[in-house]
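For the record, the sequence lines run as chains A and B. Per this note's numbering, the very first residue in the first sequence carries number 391; after that it's consecutive. Per this note's numbering, the very first residue in the second sequence carries number 254; after that it's consecutive.
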Amino acid sequence: MRRTHASITFLYDACLSLFNLFESNLYICKFLCTTQYTKTEYKMGKEDVSAKKRRKINSSSSTSEVNKQGPADIYKRVVEFEETEAQLRSAEKDATLFKKICQDVRQMFSDIVELKSKDSDEAKEKINSKRVEASLLLVALKKLNRLEKVRTRAGRDALHKEKQQVDSTHLLLQNLLYEADHLNKEVTKCLQFKSKDEEIELVPLEDFYKDAPKEVSRPEITKIDEHQLQLARLEWELRQRRELAGACNQLVASKERVAAAIAAARSRLDALSPHLRDVLKATKPLQECLAMRLDEKREESKAASLLPSPLFLLYANSSAYSDALGEKTVTVAISGDEDEARRLEQQSSVESDLIVSNDSDSDQENNDEEQREKKKRHHRTSKVSKEEKAEAKKKEVFRKHPLNVQITVKVQDGTALNLIFSYLLNLKIITVKFTVSLPKPVTGVSAADVLNGNCILHELYSSDNGNDSPHPATAYLLKAAGIPEGFQYFISEVGKPYIWAQRMCGLDFMATVIDDQKNNKLLQPCPTLSVTTVEHFILTLRKRLKSRVELMKELQDLETGKISPLDGNSWPIRLSGSLTQWQSVGWPEYIQSPSTTFLISEGLVTQNDLLYRAIITRQSAKLVALVALKSDYPKKAPIFSLTLHWNGTHHSSINDDIRDIERVINTDWCLEDNKQPKLSIQMTKLLTYMDILLETSGSSEFPPDKVMFSPVRGRNRIKPYKFLKQGTGVFVQF
Amino acid sequence: MLDKILYNTVLCQAYSPCGKYLVAGNIYGQLAVFDLDRILNPVVELLTSDYNKPKYKHNLESGNQICSLVTTDKFLIIGTVNEIYGWDWKAILSVKLSKPSWQIKISSKTSLEYIDVNSLWLSEDREKLLAGCGDNNVYIYNLEDRRQISVLSGHDDYVHSVHGKNDQIISSGEDGAVLLWDLRTAKSHNKIEPYKNNKVSRPDLGKWVGSASLSDDWIVCGGGPRLALWHLRSLDVTTVFDLPDHGIHVSYFHDDCVIASGAAKHLYQLSYSGEIRVELPVSATTVYSAVLKSNPNVLAIAGSSPEIDLCTSFNYRDQILHFR
């Protein structure tokens, strides 16, 4: 009931408004006919329309003054009424109402269809009533529609308004944020500010209070206020710096004055040198007249300044010895290309800074070169160029300093040994070549070998044969340069790198190896080492040379079959055997003999020794003696290895008698004095022992000639090899 | 000059009574003591490079050659030149050699004459010491008071070796004679001269007889003449051993065998019929001493070499000792 009532009231409202509208529409229609306004104009804003209408009404006629007033108000009122109504009514309820009405209308239409199919009057009646009802419902629908339109417009307006407000607030917010950001930046900029004065190095605080005057330091303020303190310190700094700058200027000025003075003095000295030269020239005739070597020496010392430091040390020390010992024993000279040396020195002084990086560079160069070579191979250039390059590289590695030092050591009889010391620039070692000059030619092949062969410098110091580089880095340098052969391979070319030669030049590789762990310094020649070694070497070499000359004479005699054991005095025993051959033999020949196996296996004879073969014959007996002379003979006695050819072949490892003779000759057993016996004495002894051995054999071929107590003694049946000077001399067993 | 020890010649050897040590004497008057225990049963961890070198090396004061060695339970008896020394074994086995416990002097007629004690032999009852000497005599001493009991003189040259069996003594000399003696009467009752027998003589090596030994029925001797087995009663050559030697210096009986060596490359173990049973290569140019010891078996061979060969099986050379 209530719903029906509500719908009825609503329906009434709808009718009322419809009526109002109807009225106004009628009115409008009337005007439309007269004024020909288009409907579009009418569809403009309602206020507008009403305003226009009012104007039009005003302009159209004055007859319907009352009426004119009426519809405008009504229109306005209707609009206002509907607007308020739309606000007051809830939209949801209207929606349900609308749906319900639609349902009713549909029902009505279906009823009408039903009634129409009956096609009776009663039905027609009913159809009419239903039609009215439906029309009324349509009116209500229209009203609802309008209300909805109004509501939508109102909502859209509100939304638009809200949107604008939000936009403006958002803009405001953006502005504020930007401002805040800017402010923050400013703050950090302020915080990061650095004052110039912080960079200035200031005097420490204690010193400042100590040194600065009271009026600057003002301790009563500055102690409290840090800023004031800083200011005070800066002030003090400024004051001090000003003073120092003043002092500096003064000093610079005085320096310039001194420089000017020096320049003046130098120019005066320069002016002096032509005079001096003149004076020197003037003394030349006098020097020649007095046979003084002053000029030569001066030249030489000039050349000496160009020597590399190791050779210079050698030159300096050995020339000192030459002065001290006299030129008859030692002379020193410098030879080689001086200009080349000068150029080299200039070059090295320029490059001295680059030395350190050199190594890596050379590696790179290697690679580059290899690549270039590869390219070249592509171009099919001849293979020769590669070999040439290798040759050049080899030459570079083994490059010698253009100057070398020559030391000539002489002994009394005029035999001189000329040593040439060269410095290998890249390998940093000294090599030695030598020549021997003899006063008269040596007769005999083996005798000449003693002085000419390489062996003259062998074992001058123990185990120093100069067969390999003493510098530990040599092998590496050679490998880096791409040279596969060891240093030994080139010794014949460059000379022998004896250790004594290095030491004479103050190079001690052992020391550097030890030092390496501590500090990796460049190899510096040690002067004291050079001094001591040069002295010792010259003495040793002279001794060696002397002994070699003596040995040469001995060998010369032996080669002619002469044995002279005691200078002048003849041996007290008659010797029946004779030396028929003396010649030098090679190592292969030496090791071939079965008699030497024992000596070689014991390491008593090595390839470095001088080897000879002596053949002694007496009737049908032949004694072959292989003699090994150590390089430092006569410090070490010669070693004999014997083979007797008589009634078969006998040597020490199968025959005790031969072994006994070897024992007596080779060992220090029962040697009266500790002097090492000379070769010729040993040879004489050997001849004697051979006689004894043969004479005690009981063979009729060798009648006993020597006086002996008993031919054999002891279980080992040893022969009497010991000579006693009793009467004419007696041989007894040891 | 080379070290004389490279040309070392060992003339004699002896084992200590305990069997643990081997002593060897050389011509330089040096006595080397080898520790056999350490050499034959080495402890690998304690092995040093000089394990085959002498444990001790003693030098005789006189420096005279050591010609012969013989051992008793208490003493090592050393025959050198003009003297026979008796050293307590304890002294020998200490680091430093003290004075000898006793010594026997063999007086020579002239000051220049040296009398080597070439061979020492101890009678089986261990009471008498026989010394074959360089003055052609064999001296018999009482070991208890070291007094000379008698002299066996009959050789015309120095005596090389003395050996005996029961009361029978055999001596051989440089004169080429092998003499048989009775220990009780000190008289020579038989004599053989191998160099006169053309089956054994070798004129190019001389007539000297380096070694002669006795067994109950046999004599083995050799030297310049060939090594040969002689029958004791008939004094005839039974077997001539055909060896490629240049002189025999060692020959004796052992376990129905003859062991012999000398200036040869081998030491031979021979049967009575003359077959070579074992041929043992040796280091020495000439072997002057080959001594045997049983339990454990050790054969030490020394001669003119710094090396001494040791064999435990008689078949091959086990070890080489260095006397240097």
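The beta-carbon is built from N, C-alpha and C at its ideal position, and this holds for glycine as well.
- Query: Hey, how far is the Cα of A:Thr821 from the Cα of A:Phe788?
  - Reply: Residue numbering aside, residue 821 of chain A sits at position 431 when the first sequence is read from its first letter. Residue numbering aside, residue 788 of chain A sits at position 398 when the first sequence is read from its first letter. Roughly 11 angstroms separates the two Cα atoms.
- With DSSP as the reference, label A:Lys764 as helix, strand or coil. As a first step, residue 764 of chain A is located in the first sequence; it is residue number 374 there, counting from the start. The pLDDT assigned to A:Lys764 is 48, lower than 50, so where the model puts this residue is not dependable; a value taken from the coordinates is nonetheless given after this. Three-state result, A:Lys764: helix.
- Message: Less than 8 angstroms between the beta carbons of B:Ser406 and B:Asn395, yes or no?
- Response: The residue labelled residue 406 of chain B in the question sits at position 153 within the second sequence. The residue labelled residue 395 of chain B in the question sits at position 142 within the second sequence. Result no, Cβ atoms of B:Ser406 and B:Asn395 do not sit closer than 8 angstroms.
- Message: Let me check one thing: in DSSP terms, what residues is B:Ile292 bridge-paired to?
- Response: Translated into the one-based positions of the second sequence, residue 292 of chain B becomes position 39. Beta-bridge pairing links B:Ile292 to no other residue.
- Which residue's Cα is closest to the Cα of B:Ser504: B:Tyr569, B:Ser414, B:Asn419? Position 251 of the second sequence, counting from 1, holds the residue named residue 504 of chain B. When each option's Cα is compared against that of B:Ser504, the closest is B:Ser414.
- For A:Gln761, which residues from the same chain have a beta carbon less than 8 angstroms from its beta carbon, with the 5 sequence-adjacent residues on both sides left out? As a first step, residue 761 of chain A must be located in the first sequence, where it is residue number 371. Any reading at A:Gln761 needs caution, since the residue's pLDDT is 49, under 50, leaving its predicted position unreliable; the model's value is listed next. No residues qualify anywhere along the chain.
- Message: Between B:Asp409 and chain A, is any beta-carbon pair separated by less than 8 angstroms?
- Response: On the second sequence, position 156 is the one that residue 409 of chain B refers to. So no, B:Asp409 is outside the interface.
- Task: Give, in chain order, every residue of the stretch 781-807 of chain A whose Cβ lies closer than 8 angstroms to some Cβ of chain B.
- Result: none
- Tell me, please, which residues DSSP counts as bridged to A:Thr825. By one-based count along the first sequence, residue 825 of chain A stands at place 435. Answer is A:Asn808, bridged to A:Thr825.
- Once you ignore the five residues that flank A:Arg1103 on each side, which residues in its own chain have a CB closer than 7 angstroms to its CB? Along the first sequence, one-based indexing puts residue 1103 of chain A at 713. Closer than 7 angstroms at the Cβ level, and outside the excluded window around A:Arg1103, lie Gln1123.
- Message: Out of A:Ala871, A:Asp898, A:Pro860, which one is the CA nearest neighbour of A:Lys886?
- Response: Working through the first sequence from its first residue, we reach residue 886 of chain A at position 496. Answer by Cα proximity: A:Pro860.
- Query: Helix, strand or coil for A:Glu1052 per DSSP?
  - Reply: Counting from one through the first sequence, the residue named residue 1052 of chain A turns up at place 662. Here A:Glu1052 sits in helix by DSSP.
- In this structure, does DSSP put B:Lys352 in helix, strand or coil? Position 99 of the second sequence, counting from 1, holds the residue named residue 352 of chain B. Three-state result, B:Lys352: coil.
- Task: Taking B:Ile573 as the reference, give the member of B:Leu482, B:Leu289, B:Lys257 with the closest Cα.
- Result: The count along the second sequence starts at 1 and reaches residue 573 of chain B at position 320. For B:Ile573, the nearest C-alpha among the options comes from B:Leu289.
- For A:Asn1106, which residues from the same chain have a beta carbon less than 7 angstroms from its beta carbon, with the 5 sequence-adjacent residues on both sides left out? For this step, residue 1106 of chain A is matched to residue 716 along the first sequence. So the list reads Asp1046, once near-sequence residues are dropped.
- Item | Alpha carbon of A:Pro962 to alpha carbon of B:Asp508, nearest angstrom | Locating residue 962 of chain A in the first sequence gives position 572, where the first residue counts as 1. Locating residue 508 of chain B in the second sequence gives position 255, where the first residue counts as 1. Going from the Cα of A:Pro962 to the Cα of B:Asp508 covers about 55 angstroms.
- Task: Since I believe B:Val431 is in contact with B:Cys386 (beta carbons under 8 angstroms), could you give me their beta-carbon distance rounded to a whole number of angstroms?
- Result: As a working note, residue 386 of chain B is residue 133 in the second sequence. As a working note, residue 431 of chain B is residue 178 in the second sequence. Not quite, the Cβ-Cβ distance comes to about 17 angstroms (not below 8 angstroms), so this is no contact.
- Query: Would A:Ser1031 pass as a contact of A:Ser966 if the rule is Cβ separation under 8 angstroms?
  - Reply: By 1-based counting over the first sequence, the position of residue 1031 of chain A is 641. By 1-based counting over the first sequence, the position of residue 966 of chain A is 576. Going by C-beta atoms, A:Ser1031 is not nearer than 8 angstroms to A:Ser966.
- Enumerate in chain order the residues of its own chain whose CB-to-CB distance from A:His848 is below 6 angstroms, with the five nearest sequence positions on each side excluded. Start at 1 with the first residue of the first sequence, and residue 848 of chain A comes out as number 458. The residues are Asn855, Asn998, Ser1021.
- Message: Can you confirm whether the stretch 874-889 of chain A touches the stretch 802-820 of chain A when touching is taken to mean that 3 or more C-beta pairs between the two stretches lie within less than 8 angstroms?
- Response: yes
- Select from B:Tyr525, B:Leu523, B:Ile512, B:Pro549 the residue whose C-alpha is nearest the C-alpha of B:Tyr541. If you number the second sequence from 1, residue 541 of chain B lands on position 288. The residue with the shortest Cα to Cα distance from B:Tyr541 is B:Ile512.
- Task: Just the C-alpha distance for A:Trp977 and A:Ala1015, rounded to the nearest angstrom, thanks.
- Result: The residue given as residue 977 of chain A occupies position 587 in the first sequence. The residue given as residue 1015 of chain A occupies position 625 in the first sequence. So the alpha carbons of these two residues sit roughly 15 angstroms apart.
- Query: Hey, does B:Cys386 have any beta-carbon neighbour from chain A nearer than 8 angstroms?
  - Reply: The residue given as residue 386 of chain B occupies position 133 in the second sequence. Answer no: the Cβ-Cβ gap between B:Cys386 and chain A never drops below 8 angstroms.
- Query: I think B:Ala439 touches B:Ser403, with their Cβ atoms under 8 angstroms apart; what is that distance to the nearest whole Å?
  - Reply: One-based indexing of the second sequence puts residue 439 of chain B at position 186. One-based indexing of the second sequence puts residue 403 of chain B at position 150. Confirmed, Cβ separation roughly 4 angstroms.
- Closer than 8 angstroms by C-beta to A:Lys645: which residues in its own chain qualify, once you throw out the five before and the five after it? Chain order, please. Your numbering for residue 645 of chain A matches position 255 in the first sequence. No residues qualify anywhere along the chain.
- Helix or strand or just coil, what does DSSP make of A:Ile418? In the first sequence, the residue the question calls residue 418 of chain A occupies position 28. Because A:Ile418 sits at a pLDDT of 49, beneath the cut-off of 50, its placement in the model cannot be relied upon, and the following sentence gives the value as read from the coordinates. Three-state DSSP puts A:Ile418 in a helix.
- Message: Just checking: is the beta-carbon of B:Leu259 within a distance shorter than 8 angstroms of some beta-carbon in chain A?
- Response: The count along the second sequence starts at 1 and reaches residue 259 of chain B at position 6. Yes, B:Leu259 counts as interfacial toward chain A.
- Query: Between the beta-carbon of B:His311 and the beta-carbon of B:Leu284, is there less than 8 angstroms?
  - Reply: Residue 311 of chain B sits at position 58 when you count from the first residue of the second sequence. Residue 284 of chain B sits at position 31 when you count from the first residue of the second sequence. Yes, they are a contact pair.
- Message: Assess contact between the stretch 661-670 of chain A and the stretch 626-645 of chain A, defined as three or more Cβ pairs (one per stretch) separated by less than 8 angstroms. Is contact present?
- Response: no
- Query: Along chain A, which residues have their Cβ under 8 angstroms away from the Cβ of B:Tyr448?
  - Reply: The count along the second sequence starts at 1 and reaches residue 448 of chain B at position 195. Here the premise fails: no neighbours, minimum Cβ distance about 12 angstroms.
- Query: In the stretch 1088-1118 of chain A, which residues sit with their C-beta less than 9 angstroms from some C-beta in chain B, listed in chain order?
  - Reply: Gly1088, Ser1089, Phe1099, Ser1100, Val1102, Arg1103, Gly1104, Arg1105, Asn1106, Arg1107, Ile1108, Leu1114, Gln1116
- Item | Coil, strand or helix - A:Ser607 by DSSP | Residue mapping note: residue 607 of chain A aligns to position 217 of the first sequence, counting from 1. Helix at A:Ser607.
- Message: I need the straight-line Cα distance from A:Lys1109 to B:Ser302, nearest angstrom please.
- Response: The count along the first sequence starts at 1 and reaches residue 1109 of chain A at position 719. The count along the second sequence starts at 1 and reaches residue 302 of chain B at position 49. Computed Cα separation, rounded: 37 angstroms.
- Query: Opposite B:Ala521 in the DSSP bridges: which residues?
  - Reply: Taking the second sequence and counting its residues from 1, the one referred to as residue 521 of chain B is at position 268. The question names Ala, but residue 521 of chain B in the sequence shown is Tyr. B:Ala513, B:Glu532.
- Message: Whether or not the stretch 291-300 of chain B and the stretch 356-376 of chain B are in contact is what I'm after, with contact meaning three or more pairs of Cβ atoms, one per stretch, closer than 8 angstroms; do they touch?
- Response: no
- Query: Grouping DSSP H, G and I as helix and E and B as strand, with all else coil, what is B:Gly417?
  - Reply: Mapped onto the second sequence, residue 417 of chain B falls at position 164. Strand.
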